[in-house]
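In my numbering, the protein residues as written are 24 to 598.
Don't be surprised by glycine CBs; every beta carbon is placed ideally from N, CA and C.
The next block holds one structure in the form of structure tokens; read it before the comments.
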Amino acid sequence: MKQSYRKNLFIKNAAKITAALIIIILHLSLPSYAAEEENKVQLDADKLIYEDATGIAKADGNVRLRNKDMRMYAPYAEYDTENETIKAFSDSRNEVSLLVDGKKLTGQSLNYNIATRKGVMTDAAGKMDAIFFKGRDLEIMPLEEAIRQNVVSSRNRANSKEEDMVAKWTEVASTTCDFSNPHYKFLAKEILVIQNKKVVIKRPQVYIGKHKLFNYPFDYVIPLNKGARSNNSVMPRVAYDSSKGVGIGIGGPIVWDSGEVTIDTTYWTDDIWEAKLKFYQRIAKNVYVFADTNREYNKDEKETLWRPKWGLKYSDEYGWSASIYESQRELVETEMRPGQDRRYNVWRSPEFTINTPWFKDPAAGGYFRLSGIWGRYQDNVETIKPWTDRLGMGVQVYGEPNILGSLRPFYNASYWYYDYDGEDSTNQKVTDAIIGLRWGIGKVGLETAYVRRWVSGESQLTWDNYLDREDIYQKISFTLPGGTPWESWNISLRAGYDLVESQFAEMIYTVSYIKHCITWELWARDSKPESELTVGLKFIINAYPEAELKLGEKDIFDPFKVPDGLNLHKENMAK
């Protein structure tokens, strides 16, 4: 929730001090109140004493402080009117409790100074976003103070406000599970919360139930800014690929205030090791530079090479995006027909892309977006080929018309025109269309999709010389009976049938164990034309599915998937 702060935070009474603390800790984006605003406060207790000599007000027994925005409960509290500090204490039966907007923070004691906007709550517990925290001291301070103390770097000033705060929590357990004995948790010596930016859990210990699995060697990062996505893996990587054997590895980020480096490595039993190093640095609002180098195995040519790329990207909250980058030996996988993947080494020098937001189409009841691409390419298969310029213009449409009640049809189509300027001038027109239906019989979910591609003309590049295709996909999913209300087993099967070749092209099997706040998912893909079997495992934190761990999984064509960016920017779509 985005709201602006007033500049004047000089607050003259204990209720406003407490409200400011709640806002800082629990509600990192709520507005504070100007001194000139009237905000009536009621302070009740079994015993109230004000000492004129010291300027201290003491409230003892069932202390209740409230105004229109918050509630505070404590066995005992003191307010020093001269130093503008408030102190609240628990006893053997009751903690200090703060409530605002239905959210709650509890602790053993509270000490907050309104003049410096610094404070500490001891043995604090509470909730932020979807995460429950319980730890020792929670220290809060203004962003500028955190920079002076080297808690965070000065780069945090970018896109920040004067009123922004930083919270540092020590010896913390965190989880998204609301059970008293959570199904998983992270234990960390320190957690940093940077207002409107991110939560950084420092090198946590990972527990499943009461059992410690391992120490995660990286930081676990949860972005707080709208639209950002987490890329953390957390769990060790275990997978099987019939072309590489069994693989095991681990990955994670090294983060700083405006960027990160992600390290990812996997060793396969066929004596193959792969690695990914990714760097990005924000240089302006919505703009960042990146440099990646991936060590990847090309099973078609049976070679493992480092494949670097670097460039500049732009993306904003409305859905506009653009990039310009270069690459060498980039491994491009193209699915020509169901289950028929081809891999190519591609050079780009450079490639420029641009995408519009998703626009609403009132006539069709769906959405559309426009895309453009220009680049210079060289792809090498058996011989070194000349550089080729390619210009492409495309449009994509998607919709889910509500016309059949419980039967939910959808469509997803795109058209691309490519013009090539190399040794010969050619062009290629590619039209992809998906028409599908989501339906069910009782508790069994069914999805059906008809996929068609029409290609005219030809490309001078091998990796985008597309073929006509016509296939049909059927997916069935169901939940096994039994179990507790907070856990279930789900089974899913998806078949792809190639109508051109008149054969089953692929089968994808998925078994998911959903346990309240986490999901373990085992999947396998059997590619019939290539006799290739790939198996992977996912560990998913249900509150952050975009941060799921993908073990050995590669991009697989999914005709039922909603296009990227459509849901993310739905509330900001252009009219």
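task: Alpha carbon to alpha carbon, how far is aspartate 323 from lysine 299? Give it in angstroms, no decimals.
output: Within the sequence shown, the letter at position 276 stands for residue 299. Within the sequence shown, the letter at position 300 stands for residue 323. Taking the straight line joining both Cα atoms gives about 20 Å.
- prompt: Beta-carbon separation of tryptophan 343 and leucine 589 under 8 Å?
  reply: Mapped onto the sequence shown, residue 343 falls at position 320. Mapped onto the sequence shown, residue 589 falls at position 566. Going by C-beta atoms, tryptophan 343 is not nearer than 8 Å to leucine 589.
query: How many Å lie between tryptophan 192 and isoleucine 72 at the Cα?
result: Taking the first residue of the sequence shown as 1, we reach residue 192 at position 169. Taking the first residue of the sequence shown as 1, we reach residue 72 at position 49. Their backbone Cα atoms lie some 34 Å apart in a straight line.
query: If you check the beta carbons only, do tyrosine 438 and threonine 454 fall under 8 Å apart?
result: Numbered from its first residue, the sequence shown carries residue 438 at position 415. Numbered from its first residue, the sequence shown carries residue 454 at position 431. Yes, these two residues count as a Cβ contact at 8 Å.
message: Determine whether the beta carbon atoms of isoleucine 457 and asparagine 425 lie at a separation below 8 Å.
response: Along the sequence shown, one-based indexing puts residue 457 at 434. Along the sequence shown, one-based indexing puts residue 425 at 402. No, the Cβ-Cβ distance between isoleucine 457 and asparagine 425 is not below 8 Å.
- prompt: Considering isoleucine 464, what are the terminal residues of the beta strand (DSSP E) in which it resides?
  reply: Translated into the one-based positions of the sequence shown, residue 464 becomes position 441. From DSSP, the beta strand (DSSP E) with isoleucine 464 extends over 448-464.
message: Taking the alpha-carbon of glutamate 168 as reference, which of Phe156, Arg159, Thr145 and Arg140 has the nearest alpha-carbon?
response: Against the sequence shown, residue 168 aligns to sequence position 145. When each option's Cα is compared against that of glutamate 168, the closest is Arg140.
Where phenylalanine 202 falls, given that 16 or more other Cβ within 10 Å makes a residue buried: One-based indexing of the sequence shown puts residue 202 at position 179. So phenylalanine 202 ends up on the exposed side.
query: In its own chain, which residues sit with a C-beta less than 6 Å from the C-beta of proline 582, not counting the 5 before and 5 after it?
result: Position 559 of the sequence shown, counted from the start, is the residue given in the question as residue 582. Cβ within range, chain order: Ile457, Ala472, Val474 and Tyr496.
- prompt: Can we count alanine 386 as close to the ligand SAM, meaning its CB is less than 7 Å from some heavy atom?
  reply: Within the structure as shown, the ligand SAM is missing, as the structure has no ligands at all.
- request: Can you tell me the Cβ-Cβ gap for serine 500 and asparagine 513, rounded? I've got them flagged as a contact below 8 Å.
  value: One-based indexing of the sequence shown puts residue 500 at position 477. One-based indexing of the sequence shown puts residue 513 at position 490. 6 Å between Cβ atoms; contact.
message: Taking the alpha helix (DSSP H) that arginine 171 belongs to, which residues open and close that run?
response: Walking along the sequence shown from the start, residue 171 turns up at place 148. Counting along the chain, the alpha helix (DSSP H) containing arginine 171 begins and ends at 166-171.
field: Residue ranges of each beta strand (DSSP E) within the segment 260-293, 3 or longer
entry: As summarised for the segment 260-293, the continuous beta strand (DSSP E) elements at least 3 residues long and confined to that stretch are 260-264, 268-279 and 282-291, given in chain order.
message: Suppose you measure from the CA of lysine 184 to the CA of glutamate 470; what does that come to, to the nearest Å?
response: Locating residue 184 in the sequence shown gives position 161, where the first residue counts as 1. Locating residue 470 in the sequence shown gives position 447, where the first residue counts as 1. Rounded to whole angstroms, lysine 184 to glutamate 470 spans 47 Å at the Cα level.
task: Look at the alpha carbon of arginine 492 and the alpha carbon of arginine 360, and state the distance between them as a whole number of angstroms.
output: Within the sequence shown, residue 492 is the residue found at index 469, counting from 1. Within the sequence shown, residue 360 is the residue found at index 337, counting from 1. Here the alpha carbons of arginine 360 and arginine 492 stand approximately 6 Å from one another.
query: Over what stretch of residues does the beta strand (DSSP E) that includes tryptophan 333 continue unbroken?
result: Within the sequence shown, numbered from 1, the residue matching residue 333 stands at position 310. 326-338 is the extent of the beta strand (DSSP E) around tryptophan 333.
- prompt: Between the C-alpha atoms of threonine 77 and phenylalanine 302, what's the straight-line distance to the nearest angstrom?
  reply: Numbered from its first residue, the sequence shown carries residue 77 at position 54. Numbered from its first residue, the sequence shown carries residue 302 at position 279. Cα to Cα, threonine 77 sits roughly 56 Å from phenylalanine 302.
Residue interval of the beta strand (DSSP E) (run including serine 115): If you number the sequence shown from 1, residue 115 lands on position 92. Careful: serine 115 lies outside any beta strand (DSSP E) and carries neither H nor E.
field: Cβ pair count under 8 Å reaching 3, the segment 154-168 against the segment 110-124
entry: no
query: Helix or strand or just coil, what does DSSP make of serine 177?
result: In the sequence shown, the residue the question calls residue 177 occupies position 154. The three-state reading of DSSP puts serine 177 in helix, counting H, G and I together.
field: Same chain only: Cβ atoms within 7 Å of proline 552, ignoring 5 sequence neighbours per side
entry: Reading the sequence shown from its first residue, position 529 is the one you call residue 552. So the qualifying residues of the chain are Gly362, Gln363 and Ala528.
query: Just how far apart, CA to CA, sit isoleucine 396 and tyrosine 341?
result: To locate residue 396, count along the sequence shown from 1; it is residue 373. To locate residue 341, count along the sequence shown from 1; it is residue 318. Taking the straight line from one Cα to the other gives about 20 Å.
- prompt: In or out: alanine 58 buried (at least 16 other Cβ within 10 Å) or exposed?
  reply: Here residue 58 refers to the residue found at position 35 when the sequence shown is read from its first residue. Confidence at alanine 58 is low in this model, with a pLDDT of 41, below 50, so the placement of that residue is unreliable and no value is reported for it.
- request: State the Cα-Cα distance for the pair glutamate 356 and tryptophan 410, rounded to the nearest angstrom.
  value: Stepping through the sequence shown from its first residue, residue 356 is reached at position 333. Stepping through the sequence shown from its first residue, residue 410 is reached at position 387. Approximately 20 Å, taken between the alpha carbons.
message: Whole angstroms are fine: how far does the CA of glutamine 172 sit from the CA of proline 165?
response: Position 142 of the sequence shown, counted from the first residue, corresponds to residue 165. Position 149 of the sequence shown, counted from the first residue, corresponds to residue 172. Roughly 11 Å separates the two Cα atoms.
task: State the start and end residues of the unbroken beta strand (DSSP E) segment that holds valine 467.
output: Here the question's residue 467 lines up with position 444 in the sequence shown. Counting along the chain, the beta strand (DSSP E) containing valine 467 begins and ends at 467-480.
- request: Using the Cα positions of tyrosine 337 and glycine 505, report the straight-line distance between them to the nearest angstrom.
  value: The count along the sequence shown starts at 1 and reaches residue 337 at position 314. The count along the sequence shown starts at 1 and reaches residue 505 at position 482. Cα-Cα distance, rounded: 49 Å.
task: Can you have a look at aspartate 114 and say buried or exposed, based on whether 16 or more other CB atoms are within 10 angstroms of its CB?
output: Here the question's residue 114 lines up with position 91 in the sequence shown. The Cβ neighbour count for aspartate 114, taken over all protein chains shown within 10 Å, is under 16; the residue is labelled exposed.
field: Proximal residues to glutamate 489 (C-beta, below 6 Å), its chain only, five neighbours per side dropped
entry: Locating residue 489 in the sequence shown gives position 466, counting from the first residue. First, the amino acid is wrong: residue 489 is tyrosine here, not glutamate. The answer, listed in chain order, is Val453 and Val478.
message: Quick check on leucine 44: does DSSP put it in helix, strand or coil?
response: Working through the sequence shown from its first residue, we reach residue 44 at position 21. With a pLDDT of only 41 at leucine 44, under 50, the local geometry of the prediction cannot be trusted, and no value is derived from it.
- request: Return yes when the Cβ of serine 266 is within less than 8 Å of the Cβ of leucine 224, no when it is not.
  value: Residue numbering aside, residue 224 sits at position 201 when the sequence shown is read from its first letter. Residue numbering aside, residue 266 sits at position 243 when the sequence shown is read from its first letter. Per the sequence shown, residue 224 should be read as isoleucine rather than leucine. Against a cut-off of 8 Å, the Cβ pair of serine 266 and isoleucine 224 comes out as no contact.
- request: Using only alpha-carbon positions, find the residue among Asn309, Tyr263 and Ile273 that is nearest to glycine 282.
  value: Here residue 282 is taken as the residue at index 259 of the sequence shown, counted from 1. Measuring from the Cα of glycine 282, the nearest candidate turns out to be Asn309.
- request: For alanine 386, count neighbouring Cβ atoms within 10 angstroms of its own Cβ and tell me buried if that reaches 16, exposed if not.
  value: Counted from its first residue, the sequence shown places residue 386 at position 363. Around the beta carbon of alanine 386, fewer than 16 other beta carbons sit within 10 angstroms, so the residue counts as exposed.
field: Bounding residues of the beta strand (DSSP E) (the contiguous stretch that carries phenylalanine 527)
entry: The sequence position of residue 527 within the sequence shown is 504, counting from 1. Looking at the DSSP string, the run of the beta strand (DSSP E) that includes phenylalanine 527 is 526-538.
query: Between the C-alpha atoms of proline 586 and aspartate 315, what's the straight-line distance to the nearest angstrom?
result: For the purposes of this step, residue 586 is identified with residue 563 of the sequence shown, where counting begins at 1. For the purposes of this step, residue 315 is identified with residue 292 of the sequence shown, where counting begins at 1. Looking at the two C-alpha atoms, the distance is approximately 25 Å.
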